[in-house]
Every structure is written in structure tokens, then in C-alpha cells.
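To convert, note that position 17 of the sequence shown is 17 in full-length UniProt numbering; the numbers rise steadily by one, no gaps.
No residue lacks a Cβ here, since even glycine has one placed at the ideal position from N, Cα and C.
Small disclaimer: the values here were computed from a predicted structure and weren't measured.
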Amino acid sequence: MINKVGQIMLYVNNQDGAVNFWTEKVGFSVISDEDNGQGMRWIEIAPTKGAETSIILHNKEFVAKMSPELNLGTPSLMFFTENLDGLHNDLSSKNITVGEIVNMPSGRVFNFADNEENYFAVMEKK
Numbered sequence: 001m002i003n004k005v006g007q008i009m010l011y012v013n014n015q016d017g018a019v020n021f022w023t024e025k026v027g028f029s030v031i032s033d034e035d036n037g038q039g040m041r042w043i044e045i046a047p048t049k050g051a052e053t054s055i056i057l058h059n060k061e062f063v064a065k066m067s068p069e070l071n072l073g074t075p076s077l078m079f080f081t082e083n084l085d086g087l088h089n090d091l092s093s094k095n096i097t098v099g100e101i102v103n104m105p106s107g108r109v110f111n112f113a114d115n116e117e118n119y120f121a122v123m124e125k126k
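In C-alpha cells:
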């Protein structure tokens, strides 16, 4: 039911510095720069505007407060699915640690953990 690795979430101490690195030095483009109005800002960057997979730059300190269970020392993967509810139910029925479905400005999302407590996110993309 997962049909694509859509985003890689990178947790950084300085979002503007990271944007500068990826755009000025590596040649990526900023696809979007969003803020939920409650202090959470995320910047989507990619090698080109139409790239299949992008990197989301998150504020490491903010995410640590919001989700202390996440390992912020490594990037996280964001999978895409067309059937979020079905996948959520399927993973839940298999005795997997699965988070609640949350409505974000960019879509509905939930996370799940593997047997080593590595967390992965899934977003609905129809």
C-alpha cells in the first residue's frame, strides 16, 4: 500500500543555513517554505522542481520537543500512500507501533516504528 518514498526529513539546527547550503552550494531549489503558525516551519528542497523525492528541512529543537521519541540524529523517511486509512489499519492490525492520524497543512499523516524503534512517516497523496 506504500507506493513511493516521497520525502526525506532532515533535522537541522539552523534551517536558513541548511537552505543556503543546499541551494547555494549543492544547487537544489526551494520548492516550498511553510509555517503552521505555531512555531513549526518546514522547508521543502529538491534537485529540480519536478523531482519525485524531496528533502524537508525541520527545526531539530522544535521536533525534539514535539516528538521526543524520534531519533533526530539521522534523517527520517516519509512514505506516500493513496489509502492512508487502509494502511493505518493494516499496520495497526500487525502489532506495529502506529501513531494517530494527524491533519497537517500539507495532508493527513501518521507515523509507525519498526522493531528497533526507528520511526517512519506516511502521508496521504491522492
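Just confirm the distance between the C-beta atoms of residue i and residue j, as a whole number of angstroms; I'd bet it's less than 8 Å.
i	j	result
phenylalanine 79	isoleucine 2	4 Å
leucine 10	leucine 57	6 Å
valine 30	threonine 23	6 Å
Could you tell me which residues DSSP puts in a beta bridge with residue i?
i	result
isoleucine 101	Its beta-bridge partners do not exist; DSSP assigns none.
valine 30	Ile45
Can you find the residues in the same chain that come closer than 7 Å, C-beta to C-beta, to residue i, ignoring five residues on each side of it along the sequence?
i	result
glycine 36	Here residue 36 turns out to be asparagine, not glycine, going by the sequence shown. So the qualifying residues of the chain are Pro105.
asparagine 64	Note that residue 64 corresponds to alanine in the displayed sequence, not to asparagine. Contacts found: Leu72.
serine 54	Gln7, Ile31, Glu44, Ile45, Ala46
Measure the C-alpha to C-alpha separation of residue i and residue j and round it to an integer number of angstroms.
i	j	result
arginine 108	histidine 88	11 Å
lysine 25	glycine 50	20 Å
Enumerate in chain order the residues of its own chain whose CB-to-CB distance from residue i is below 6 Å, with the five nearest sequence positions on each side excluded.
i	result
lysine 4	Phe80
Excluding the 5 residues preceding and the 5 following residue i in the sequence, name in chain order all residues of the same chain whose CB lies nearer than 8 Å to its CB.
i	result
phenylalanine 112	Leu91, Ile96, Thr97, Val98, Gly99, Tyr119, Phe120, Val122
Segment contact flag, the stretch 40-49 with the stretch 88-98, C-beta cutoff 8 Å, min 3 pairs: Pairwise C-beta distances place the stretch 40-49 out of contact with the stretch 88-98, as fewer than three of them are shorter than 8 Å.
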